[in-house]
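**Student:** Residue numbers (our numbering): 102 to 407.
(1) Assuming residue 308 contacts residue 318 under a Cβ cut-off of 8 Å, what Cβ separation, rounded to an integer in Å, is found between them?
(2) Mapping DSSP to helix, strand and coil, what is residue 280?
(3) So, at 7 Å on beta carbons, what are the nonlocal neighbours of residue 376 in its own chain, with the 5 sequence-adjacent residues on each side left out?
(4) Expressed to the nearest angstrom, what Euclidean distance is found between the alpha-carbon atoms of residue 334 and residue 273?
(5) Using 8 Å as the cut-off, can you tell me whether the stretch 190–197 makes contact with the stretch 124–134, which would need three or more C-beta pairs spanning the two stretches below that distance?
(6) Could you give the DSSP three-state label for residue 151: helix, strand or coil?
(7) Can you tell me whether residue 301 is buried or exposed? The criterion is at least 16 other CB atoms within 10 Å of its CB, across all chains shown.
(8) Would you mind working out which of 313, 347, 395, 374 sits nearest residue 366, comparing C-alpha positions?
(9) Which residues in the same chain have their Cβ closer than 8 Å to the Cβ of residue 347, if we skip the five residues on either side of it in sequence?
(10) Can you list, in chain order, the residues of its chain with a C-beta nearer than 7 Å to that of residue 255? Leave out the 5 residues immediately preceding and following it.
(11) Can you confirm whether residue 191, when its beta carbon is compared against all beta carbons of chain D, has any partner nearer than 7 Å?
(12) So for residue 141, helix, strand or coil by DSSP?
(13) To the nearest angstrom, how far is it from the Cα of residue 315 to the Cα of residue 177?
(14) For residue 274, which three-state DSSP category applies?
(15) What does DSSP give as the partner residues of residue 131 in its beta bridges?
(16) Under a Cβ-count criterion, where at least 16 other Cβ atoms within 10 Å of its own Cβ denotes burial, should residue 187 be classed as buried or exposed?
(17) Check the C-beta distance from residue 227 over to residue 247 and give it rounded, since I have them as a contact under 8 Å.
The following block contains the structure:
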């Protein structure tokens, strides 16, 4: 009997020791709640340094020149001036806390950030990884990593447009309106930005010689792809010409070139050269793209079925 009592006590002691072991990984902890509070403060612009230890060091996209808690606040406030709105999105947030082999406590989070540029209303979305080391319930180290190129390109584009001449701005307005017209299948808006005898060439073949021809061409694509969209990837204006890289997307819900709908999605890329008159209206478009890409995405065989 005594033997069983000793064994029982030993098991209880082992179990108690196991219960006292700290968790190596969890998605719920006071430290995670602290990070969520920090993210919430950022979204509300109610900055609070009390979450950090006085000696905390913050690194953003760098391993050098760490920021103090006060400098972190100044960093955010300075960049806030560029946006009419910015925040971490609620959707798809992920948090975890880990205890390293060295006994360090870290909270990792993966978030999506969205900002709207104050200068032109352009919306930028960026995935961001943040990690925080805790000691005595305070943040002693913060590291943030993200790709800033989307913001830099958006700001460069905005600055370029702001520095345009009056003629270039007129051309840019026409380009913007033509894109809107394509996306909404708005032929009235399209015609308002084209000369009456506008010419459209596609891979060297004449597609349109007047406004109504261009409108018929739009109907073909919107009839076949009701969600047809044009996205401008890059625009360069030089004199009375504009050079555009673009992407077109859509879902085949209607007849296309005599073929029944496939319900398949397309994404194709192309290049256009536009010419404009002195009023900024479009005179001619020369478009270049690979039709075979679209046919293959739709599942057409070669030659195309009739």
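No residue lacks a Cβ here, since even glycine has one placed at the ideal position from N, Cα and C.
**Tutor:** In brief:
(1) 6 Å
(2) helix
(3) 341, 342, 384, 385
(4) 14 Å
(5) yes
(6) helix
(7) buried
(8) 395
(9) 331, 332, 333, 334, 370, 371, 372, 373
(10) 218, 223, 225
(11) Checking the listed chains, one finds no chain D in this structure; it contains a single protein chain.
(12) helix
(13) 48 Å
(14) helix
(15) Answer is none; residue 131 lacks a bridge partner.
(16) buried
(17) 5 Å
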